[in-house]
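First up is the structure itself, then whatever we jot down about it.
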Amino acid sequence: MSNLLSVTRAARLVGVPRAELQKRIQHGELCSFDGMLSVENLLACYPQAELEDTAELQRIAQIKEKAFGKRVFERALPEPEVLAARVTELSRSLAVSQKQVRQFNDLLGRLWDKVAELRTTKTPVDTAMAEIGEWIKQEVALAMEPGFNNPLAIKDGVLRVMAAQVSLLPSRQDFLVEGQDTLLEAAMRAGLSLSYGCSGGNCGLCKAKVLSGEVKQTRHHDFRISEQDASSGYMLMCCNTAVGDLTIEAEVAGGVQDIPFQQVSTRVKLIQPLSEKVMLLHLQTPRSQRLRFLAGQSVVLRVGQTFSALLPVASCPCDDRNLLFHVHRQNGNLFADYVFERLRANDSIEVEGPQGEFILHEKSERPLYFFAFDGGFAPIKSLIEHAMSLEAGEIHLIRIGSDAEEIYLANQARAWADALDNFSYVEKIAGFDLRTLNLHREHVLENMLAEIAAQYSAISAADVYLAGPEAAIKYAERYFLALGMPKSRVFVEVVK
Ligand code: FES
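To convert, note that position 1 of the sequence shown is 918 in the working numbering; the numbers rise steadily by one, no gaps.
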């Protein structure tokens, strides 16, 4: 086990979110050396890190379906839990052996010093031999004692078998590759937006250069990599996985300008009511042509020549094949009428885009406050799922609905709050249409925002994202600017 660990690997080993380690680095509780943490320092901060902590094994169980899905492996390998237990046991013996080798090396050095000492004191040979024999007996007994085992070394041994770490240059980001994920899938799961196109080995846009480590091709690709590129270490991230720890050179999207305009023919996979007013529309792209977008962006949906709508994507870019939308029924919205009354599973819908700049400002380490007014929950949900992939620090979701029908999918928000220590959820019902405000309604809204600001006293030092009907979010924007927040930390998106 190296004495220096990346923040990603360290977080996995001690079983805490990456954001927690980053906060400790900022507060000076952990020392970072060029973005890496020392094992000793980590153990000093997390002395409770024990092998008995089963978080890693639980995680292994979660990925077993993917990791050992093929029948050939099912026949050739023992049960995943048995295999994981054996790897753990081997890692434990390896850690003990490594420690003993170090102790014997040390003993040899001290033996040499002992011989030199006996020579200088001119001890008679018989006495010297007897003394040295007794000395060696005691020292060897000490060296054979297993003593303290570094629990992180054992866990690291397991982790290295189950997950390889990939470091990206020049962005200096890193992520873990688990199970049968390709490099591209693992990067997307970690919330990184690498350059890619088809995800299926056809376009060559995910070409990246291996700087160190070994990759293995796990999927067929039609795109041909020239011999010169192959010999320089280039490979396709959508068709290769990491054999062990890896460093690759690949570009990460720096903003919306790096995402190309795309046209994708999708099929309706599911239409399902979320409330009386809101319909979930689940579209699926072809395997070979997915939609690359940033969380919070919107696309145009077209049904034939007649019906179209600009809608925010309500899902995470980490699943670029399954696109979710929340369609709100409103007077005069013909697209929504079509979705509610005529659209059927397997119908075809053209998707064009993405567009919009309501994206997560990933470099900020401030707490995140997401305000979703009515249909503003769609882009906010996408942003929250992306923030979770990035293991962001504090996340707060506040939903304000015109009525109870607009607080759809509340169970999902409550489940996030139950499952995550760093997530809080508040919902409020205005009791009037948030698209149209008057003095009385503004007063009600102001009281609600004031209650929230009182509940979260640190909000003015955070990043605030507002999405929903124009009247409500413009009012909320003015409210937060009046609290003294700079415009550069209040992000707004109008969702009709
Ligand atoms: S994304 Fe098209 S070849 Fe990899």
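Cβ atoms here follow ideal geometry from the backbone N, Cα and C, with glycine treated the same way.
So the candidates are LEU922, HIS1243, ALA1167, VAL1216; which of them puts its Cα closest to the Cα of ILE1324? The shortest Cα separation from ILE1324 among LEU922, HIS1243, ALA1167, VAL1216 belongs to HIS1243.
Check the C-beta distance from LYS1124 over to LEU1153 and give it rounded, since I have them as a contact under 8 Å. That belief holds up - the Cβ atoms of LYS1124 and LEU1153 are roughly 6 Å apart, short of 8 Å.
List the whole-angstrom C-beta distance separating LEU1211 from PRO1234, where the pair is believed to meet the contact cut-off of C-beta under 8 Å. Between LEU1211 and PRO1234 a beta carbon distance of about 6 Å is seen, short of the 8 Å cut, so the two are scored as contacting.
Shortest alpha-carbon distance to ALA1080 belongs to which of LEU930, ARG1036, GLY1171? Shortest Cα-Cα distance from ALA1080 to any of LEU930, ARG1036, GLY1171 involves LEU930.
Can you pull every residue whose C-beta falls closer than 7 Å to some heavy atom of the ligand FES, listed in chain order? Selection output, chain order preserved: LEU1101, TYR1113, GLY1114, CYS1115, SER1116, GLY1117, GLY1118, ASN1119, CYS1120, GLY1121, LEU1122, CYS1123, HIS1138, PHE1140, LEU1153, MET1154, CYS1155, CYS1156.
Own chain, CB closer than 7 Å to TYR1255, minus 5 neighbours either side, in chain order: Apart from sequence neighbours up to five positions away, the residues of its chain that approach TYR1255 with a beta-carbon distance below 7 Å are VAL1220, PHE1224, ordered along the chain.
Would you tell me roughly how many angstroms separate the C-alpha atoms of GLN939 and GLU1279, rounded to the nearest one? Straight-line spacing of the CA atoms in GLN939 and GLU1279 works out to 14 Å.
I want to know whether the region 1293–1310 touches the region 1252–1266 - three or more CB-CB distances under 8 Å. Result no; under three Cβ-Cβ pairs closer than 8 Å.
Specify the secondary structure class of LYS1126 as computed by DSSP and reduced to three states. Three-state DSSP puts LYS1126 in a strand.
Rounded to the nearest angstrom, what separates GLY1401 and ALA1159 at their Cα positions? Cα to Cα, the separation comes out at about 48 Å.
When the Cα atoms are used, what is the spatial distance from SER1017 to SER1129? One point to set straight first is that residue 1017 is Gln, not Ser, in the sequence displayed. Taking the straight line joining both Cα atoms gives about 30 Å.
From the DSSP output, read off the bridge partner residues of GLN1206. Partner(s): none; GLN1206 has no beta bridge.
Should GLY1270 and VAL1217 be called a contact, given that it needs their Cβ atoms to be closer than 7 Å? The answer is yes: Cβ separation under 7 Å.
Cross-strand partners of GLN1201 (DSSP beta bridge): The partner list for GLN1201 (beta bridge, DSSP) reads ARG1184, ASN1239.
Grab me the residues of GLN1090's own chain with a C-beta within less than 7 Å of its C-beta, minus the 5 sequence neighbours each way, in chain order. Within its own chain, the residues whose Cβ lies closer than 7 Å to the Cβ of GLN1090, once the five positions on either side in sequence are excluded, are LEU1109, VAL1169, listed in chain order.
Quick one: what's got a C-beta closer than 6 Å to THR971's C-beta in the same chain, skipping five residues either side? With a pLDDT of only 47 at THR971, under 50, the local geometry of the prediction cannot be trusted, and no value is derived from it.
Rounded Cβ spacing between PHE1288 and TYR1382 (contact assumed at less than 8 Å): Correct: roughly 7 Å between the Cβ atoms.
Do ASP1139 and ASN1119 count as a contact pair if the criterion is CB distance below 7 Å? Cβ distance < 7 Å, so ASN1119 and ASP1139 count as in contact.
DSSP state of ASP1291 mapped onto helix, strand, coil: Correct three-state label for ASP1291: helix.
Look at the Cβ atom of LEU1200, then the Cβ atom of THR1183, and state whether they are nearer than 7 Å. Between LEU1200 and THR1183, the gap from beta carbon to beta carbon is short of 7 Å.
Compare the Cα-Cα distances from ARG1259 to each of VAL1094, GLN1189, ALA1330, GLN1097 and report the closest residue. Taking ARG1259 as reference, the option from VAL1094, GLN1189, ALA1330, GLN1097 with the minimal CA-CA separation is GLN1189.
Is PHE1140 helix, strand or coil by DSSP? Coil, per DSSP.
In terms of residue numbering, what span does the alpha helix (DSSP H) encompassing ILE1390 cover? Per DSSP, ILE1390 belongs to the alpha helix (DSSP H) from 1387–1399.
Relative to the C-alpha of ASP1291, which candidate in ARG1352, ALA1262, ILE1301, ILE1276 has its C-alpha closest? When only C-alpha atoms are compared, the closest one is ARG1352.
Can you tell me which of ILE1165, GLY1117, GLU1144, PHE1092 puts its alpha carbon nearest to the alpha carbon of VAL1127? For the set ILE1165, GLY1117, GLU1144, PHE1092, the Cα lying nearest the Cα of VAL1127 is the one of ILE1165.
Specify the secondary structure class of ALA927 as computed by DSSP and reduced to three states. Helix.
Measure the alpha-carbon distance for THR1044 versus THR1037 and round it to whole angstroms. THR1044 and THR1037 have their C-alpha atoms some 14 Å from each other.
Straight-line CA distance for ARG1084 to THR1099? Checking the displayed sequence, the identity of residue 1084 turns out to be Ser instead of Arg. Straight-line spacing of the CA atoms in SER1084 and THR1099 works out to 15 Å.
Would GLU1387 pass as a contact of VAL1409 if the rule is Cβ separation under 7 Å? No, the Cβ-Cβ distance between GLU1387 and VAL1409 is not below 7 Å.
In whole angstroms, what is the alpha-carbon distance linking LEU1362 and GLY1150? Straight through space, the alpha carbons of GLY1150 and LEU1362 are spaced by roughly 58 Å.
Give the C-beta separation of PHE1397 and VAL1407 to the nearest angstrom, bearing in mind that I take them to be a contact with Cβ-Cβ under 8 Å. For a cut-off of 8 Å, the C-beta gap from PHE1397 to VAL1407 is around 5 Å, short enough to register as a contact.
Beta-carbon separation of LEU1350 and SER1281 under 7 Å? In the sequence as displayed, the identity of residue 1350 is Asp instead of Leu. No; because the gap between Cβ atoms is not below 7 Å, this pair is not in contact.
Go through its chain and collect everything with a Cβ distance to SER1116's Cβ below 6 Å, but skip five positions before and after it. By the criterion of a C-beta distance shorter than 6 Å, SER1116 is surrounded in its chain by CYS1155, ARG1207, once the five residues flanking it on both sides are discounted.
Secondary structure of THR1223, DSSP reduced to three states: Of the three classes helix, strand and coil, the one that applies to THR1223 here is coil, per DSSP.
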